[in-house]
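Notes to accompany the following structure.
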Amino acid sequence: MAYTISDDCTMCGACAAECPESCISEGDTKYMIDPAKCTDCGSCAQVCPVDACIAP
114 MAYTISDDCT MCGACAAECP ESCISEGDTK YMIDPAKCTD CGSCAQVCPV DACIAP
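Every position in the sequence shown, counted from 1, becomes a number in my numbering once 113 is added.
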């Protein structure tokens, strides 16, 4: 399973900048995580200021 990003996302981009797998991209209303590339490292959750990155 992969991390997901909730609707609480403020589109700040901190998660995408931190992701070592480059699996986070900007969507229309929130960032999206590609589950095929996510390694569940948790880097995104550690830097998200609104706790929008949800552990699997």
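Where a beta carbon is used, it is the ideal one built from N, C-alpha and C, also for glycine. Since we're looking at a predicted model, the values are computed, not measured.
{"Item": "When Glu131, Met145, Ser156, Pro133 are compared against serine 119, the one with the closest alpha-carbon", "Value": "Met145"}
{"Item": "Option in Cys125, Lys143, Asp121, Pro169 with minimal Cα separation from threonine 152", "Value": "Pro169"}
{"Item": "Cysteine 157 in three-state terms, based on DSSP", "Value": "helix"}
{"Item": "Where cysteine 151 falls: helix, strand or coil (DSSP)", "Value": "coil"}
{"Item": "Cut-off 7 Å between Cβ atoms - residues of its own chain near lysine 150, not counting five sequence neighbours on either side", "Value": "Glu134, Cys136"}
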